[in-house]
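Take a look at the structure below.
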Amino acid sequence: MANFIIDWRSKVRKVVLAGLLAALAGKVQAHDLMSLDDVTAAFGWDFEATEIETQKVAEGLHVFFGIGGNIAVSIGEDGVLIVDDQFPQMMPKIKAKIAELGGGDIDFAINTHWHFDHAEGNLALGPEGTWLVAQTNSREMMAKANVINLVAMQYGQQAYPQEAWPAITFKDAMQFHFNGEQVDLLHFGAAHTTGDAAVIFRGRNAVHLGDVFNNTGYPFIDADNGGNLDGMIRFCAAALAEIDENTTVIPGHGPVTDRQALADYIDMLQTVRGRLAELMDQGANLDAVLAAKPTAEFDEAYGDPANFINRAFTSLQKAG
Numbered sequence: 021m022a023n024f025i026i027d028w029r030s031k032v033r034k035v036v037l038a039g040l041l042a043a044l045a046g047k048v049q050a051h052d053l054m055s056l057d058d059v060t061a062a063f064g065w066d067f068e069a070t071e072i073e074t075q076k077v078a079e080g081l082h083v084f085f086g087i088g089g090n091i092a093v094s095i096g097e098d099g100v101l102i103v104d105d106q107f108p109q110m111m112p113k114i115k116a117k118i119a120e121l122g123g124g125d126i127d128f129a130i131n132t133h134w135h136f137d138h139a140e141g142n143l144a145l146g147p148e149g150t151w152l153v154a155q156t157n158s159r160e161m162m163a164k165a166n167v168i169n170l171v172a173m174q175y176g177q178q179a180y181p182q183e184a185w186p187a188i189t190f191k192d193a194m195q196f197h198f199n200g201e202q203v204d205l206l207h208f209g210a211a212h213t214t215g216d217a218a219v220i221f222r223g224r225n226a227v228h229l230g231d232v233f234n235n236t237g238y239p240f241i242d243a244d245n246g247g248n249l250d251g252m253i254r255f256c257a258a259a260l261a262e263i264d265e266n267t268t269v270i271p272g273h274g275p276v277t278d279r280q281a282l283a284d285y286i287d288m289l290q291t292v293r294g295r296l297a298e299l300m301d302q303g304a305n306l307d308a309v310l311a312a313k314p315t316a317e318f319d320e321a322y323g324d325p326a327n328f329i330n331r332a333f334t335s336l337q338k339a340g
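The working numbering numbers the first residue of the sequence shown as 21 and each following residue consecutively.
Dropping the structure here:
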């Protein structure tokens, strides 16, 4: 029943998100930067009313669902390690769920990337003494203000104060030995952003992929900040090679799934990439690419492709 509820809600959110973005398109001009309050209102997020739902992945490893990115939570003799941390407003509820599961203070928080819906909780955890961890490019992005071009809206993510910056960073790989298992943090180059991390819990055979893998619809590629479609494909393929058919795959958004779903996602990205490249080689502009419907057979499963095509096209254009 829990899985059904999560699946159902993710589908509803996908429809609602597509509708919200469509409604905002045309109303938000390129020079208008939305604040977090604006985005919260536009998406109908309610920090007070939303509860944290949990799903057990393995003994000592859970996934938390709330507002923002999915959180992986490791609880054991060494303490508490989480992957992504949503928003400060959700932190009391996150901590309460951790306590219900037998955990205490959050010792480590790994950011899969720097986007606000996955890392804004740093603002609460950093000053409390939680060790924050991220790929080095993500720390650099958190240290300054950035504009995230969501196509239908432009979000101005403000620089975080220094206490919310990751104090531990890595370039390509690092390891934790925590709660009885090896936890690998791997970076395979620019993908969703320039600072993505795949977090693999080797003992529990689970991986958190952040927004490199979105299980609610088509992915968002932060093409204006170095993300790119080719990198998404490479990153996902490299992560796929690190796991097996029994691995639990935790996406940045949406229900927990498996290796086959990730493989299917890669196939979709590769197919669309090939079609975009062919159209662009023929001289097609963005409007012509959209009109050609290069994602047609995937739309029933993934939803409205307009924003994905826009960012994918832009990333290929930037790559030359």
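Glycine included, every Cβ here is placed at the ideal spot set by N, Cα and C.
- The beta strand (DSSP E) runs of length 3 or more contained entirely in the region 215–299 are, from start to end of the chain, 218–221, 226–228, 268–270.
- Counting along the chain, Ala139 sits inside the alpha helix (DSSP H) bounded by residues 136–139.
- Separation of Arg295 and Ala326 (C-alpha to C-alpha, rounded to the nearest whole angstrom) is 15 Å.
- Take Cys256, set aside five residues on each side of it, and the residues of its chain with a beta-carbon closer than 8 Å to its own are Ala211, Leu229, Val232, Phe233, Leu282, Tyr285, Ile286, Leu289, in chain order.
- Put simply, of Gln280, Phe84, Glu97, Pro147 the residue whose alpha carbon is nearest the alpha carbon of Lys117 is Phe84.
- Our two residues, Gln337 and Val153, have alpha carbons roughly 32 Å apart in a direct line.
- Annotation for Leu310: Ala326, Ile329 place their beta carbon closer than 7 Å to its own, counting only its chain and skipping 5 residues before and after.
- Setting aside the 5 residues that flank it on each side, Ala226 is surrounded in the same chain by Val77, Ala78, Leu81, Ala92, Ile220, Thr267, Thr268, Val269, Ile270, each with a C-beta closer than 8 Å to its C-beta; the list follows chain order.
- In this structure, DSSP gives Ala184 a helical state, which the three-state scheme calls helix.
- Trp134 is not a Cβ neighbour of Met173, given a cutoff of 8 Å.
- Counting only the Cα atoms, Gly122 lies some 10 Å from Gly99.
- Here Thr150 is not near Ile130, since their CB atoms are 8 Å or more apart.
- When the alpha-carbon of Asn166 is set against those of Asn157, Gln177, Arg159, Ile114, the nearest one is in Gln177.
- Annotation: Val59 to Pro108 spans about 15 Å, alpha carbon to alpha carbon.
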